[in-house]
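Residue numbers (UniProt numbering), protein chains in the order written: chain A, 1 to 237; chain B, 1 to 237. Each residue gets a CB set at the ideal place from its N, CA and C atoms; glycine is no exception. This report refers to the structure that appears directly beneath it.
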DNA sequence: TAGTGGTCTAGACCACAGA
DNA sequence: CTGTGGTCTAGACCACTAT
């Protein structure tokens, strides 16, 4: 290395990532500016070009840099940053909060698919799927209300499972890995029934998470999770 | 290559990623199983070990594999999958939906920080920050209600900006890149004032996004965004 | 102690798009 | 056409940890 022999964050690529990030944050390199090319940075930091490439790709994935062949690398003008959150297994989520987990199956049946769910899954309305409704508790307090449709054709073996003592979330996570998922967050006023099951008042605002997953056979499951009032789902960059 | 000369997804690493993903989804490799080590896979696919490493690291980041030195690589037992969503610039979000964007500044002042916001920012209650309230419209319909506190010490130059014609979101994105952000989603019943500004009814459930950002100086801004009823924020894996 | 993943290197060839 | 990033290779050394 040249005089740039401060302690690297962890590896050389990580150090370069942090150093480039710092130059952007401190406006040494301003939005829209072209930054030196990989070969130049490799020379400056005394590393191989592949190392610089790895560092810059990370920042490009984060949205801080725009990289194009021939045109070079520029500091993003409108950095569209991304945030990540983990899709929790409800039991682990509750236990991580130091509470004891329990759940109650309200209904399990084979039913014809209502129109809205059919659209979500890309199946025909009226097709018969498995329909589950359950409540998940932390220290006996209702935490989450689950309303789930499962496509048995995508999950061989599901027909024989009894979810009274096993939670569908975990069974699916272990037995039906998915290729693709779609999630949406929204808000909805609690209905009379939701309110009773979640031990709250009708019209109370609830955070709703809808999730649909697919594997190579087709749609696996569509679930609507309604959270107890006051719960906030968090994410970081 | 050996007989494995089907069309690669795009590069060799991408092809290996997809092939390993397929083996997991189709249960050729089951949850908890140890998979062949990098050297063995490199031999099988006829590539360098670094290429296998890149492919497997991607799957480990996704949560599908657990990798540990000496212990090898295993298919994750409880795959904690991650989802990503992009943090939108409200104007781009509205224009991407084919609507014309406008916004209205309701108030801009220097005010003492209330306790809840102080906690969110890690500053002292009563400290004087810049407080903004604004509504963002798509085709003249209210879309989002913004309530923002900005720490002028972290953003030199902010004191001179007039946000009547410039939207704070964009100014900050362009002028105050952040190092770290925290986001939470929650739901809340509209108050009388919220309802009026969003052109809806009091008690209507609203999706709330709270976001706080930091740079190397300290906290930059904390903002509470309330969305018009019916809006759903989506994410994918 | 030894087997595994983590990282880096020097070099190469290629794909893309700007001039 | 040519400069830039995208990707791959063969090899090396290191860091961790299971045994």
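Span of the alpha helix (DSSP H) around residue i
i, result
"residue 147 of chain A", "Careful: residue 147 of chain A lies outside any alpha helix (DSSP H), inside the beta strand (DSSP E) at 141 to 150."
"residue 192 of chain B", "192 to 198"
"residue 169 of chain B", "168 to 175"
"residue 117 of chain B", "115 to 121"
CB-CB length for residue i against residue j, believed under 8 angstroms
i, j, result
"residue 163 of chain A", "residue 108 of chain A", "6 angstroms"
"residue 17 of chain A", "residue 58 of chain A", "5 angstroms"
"residue 173 of chain B", "residue 177 of chain A", "That belief does not hold up - the Cβ atoms of residue 173 of chain B and residue 177 of chain A are roughly 37 angstroms apart, past 8 angstroms."
"residue 205 of chain A", "residue 209 of chain B", "Not quite, the Cβ-Cβ distance comes to about 14 angstroms (not below 8 angstroms), so this is no contact."
"residue 45 of chain A", "residue 232 of chain B", "Their Cβ separation, rounded to whole angstroms, is 44 angstroms, which puts residue 45 of chain A and residue 232 of chain B out of contact at 8 angstroms."
"residue 189 of chain B", "residue 201 of chain B", "Residue 189 of chain B to residue 201 of chain B, Cβ: 10 angstroms. No contact."
Whole-angstrom distance between residue j and residue i, CA atom to CA atom
i, j, result
"residue 61 of chain A", "residue 136 of chain B", "28 angstroms"
"residue 193 of chain A", "residue 73 of chain B", "46 angstroms"
"residue 221 of chain A", "residue 33 of chain A", "46 angstroms"
"residue 38 of chain A", "residue 223 of chain B", "37 angstroms"
"residue 234 of chain B", "residue 126 of chain A", "26 angstroms"
"residue 121 of chain A", "residue 229 of chain A", "27 angstroms"
"residue 150 of chain B", "residue 131 of chain B", "7 angstroms"
"residue 30 of chain A", "residue 170 of chain A", "47 angstroms"
"residue 128 of chain B", "residue 113 of chain B", "6 angstroms"
"residue 88 of chain B", "residue 217 of chain A", "33 angstroms"
"residue 52 of chain B", "residue 42 of chain B", "6 angstroms"
"residue 159 of chain B", "residue 152 of chain B", "7 angstroms"
"residue 213 of chain A", "residue 197 of chain A", "26 angstroms"
"residue 195 of chain B", "residue 141 of chain B", "13 angstroms"
"residue 1 of chain B", "residue 54 of chain B", "Residue placement at residue 1 of chain B is flagged as unreliable, the pLDDT there being 34, under the threshold of 50; the coordinate-derived value follows with that caveat. C-alpha separation (whole angstroms): 18 angstroms."
"residue 219 of chain A", "residue 161 of chain A", "19 angstroms"
"residue 95 of chain B", "residue 86 of chain B", "16 angstroms"
"residue 56 of chain B", "residue 65 of chain B", "8 angstroms"
"residue 92 of chain B", "residue 181 of chain B", "20 angstroms"
"residue 11 of chain B", "residue 67 of chain B", "23 angstroms"
"residue 48 of chain B", "residue 183 of chain A", "37 angstroms"
Element boundaries [beta strand (DSSP E), containing residue i]
i, result
"residue 189 of chain B", "180 to 189"
"residue 108 of chain A", "101 to 112"
"residue 96 of chain A", "Note, residue 96 of chain A: premise wrong, no beta strand (DSSP E); alpha helix (DSSP H) at 90 to 96."
"residue 221 of chain A", "219 to 227"
"residue 84 of chain B", "82 to 86"
"residue 211 of chain B", "205 to 214"
"residue 236 of chain B", "233 to 236"
"residue 138 of chain A", "128 to 138"
>> List, from N- to C-terminal side, the beta strand (DSSP E) runs of 3 residues or more that fit wholly inside the UniProt domain "HTH gntR-type" (10 to 78) of chain B.
In response: 65 to 68 and 72 to 75
>> For the UniProt domain "HTH gntR-type" (10 to 78) of chain B, list every residue whose C-beta sits within 8 angstroms of some C-beta in chain A, in sequence order.
In response: 21, 22, 24, 25, 26, 31, 63, 64, 77 and 78
> Of all the residues that make up the segment 210 to 225 of chain B, which are near chain A by a beta-carbon distance shorter than 8 angstroms?
Replying inline: Hits within the stretch, in order: 210, 215 and 216.
> Using a beta-carbon distance cut-off of less than 7 angstroms, what residues from the segment 173 to 194 of chain A approach chain B?
Replying inline: 173, 174, 177, 179, 180, 181, 182, 183, 184, 185, 186, 187, 188 and 189
>> Counting only Cβ-Cβ distances shorter than 9 angstroms, please list the residues of the segment 115 to 139 of chain B near chain A, keeping chain order.
In response: none
>> Along the segment 75 to 106 of chain A, where does the CB come closer than 8 angstroms to a CB of chain B? Name the residues.
In response: 77, 78, 79, 80, 81, 82, 83, 84, 85, 86, 87, 88, 89 and 92
> At a Cβ cut of 8 angstroms, what residues of the segment 142 to 168 of chain A count as close to chain B, listed as they run along the chain?
Replying inline: Contacts with chain B (Cβ-Cβ distance below 8 angstroms) from the segment 142 to 168 of chain A involve no residue at all.
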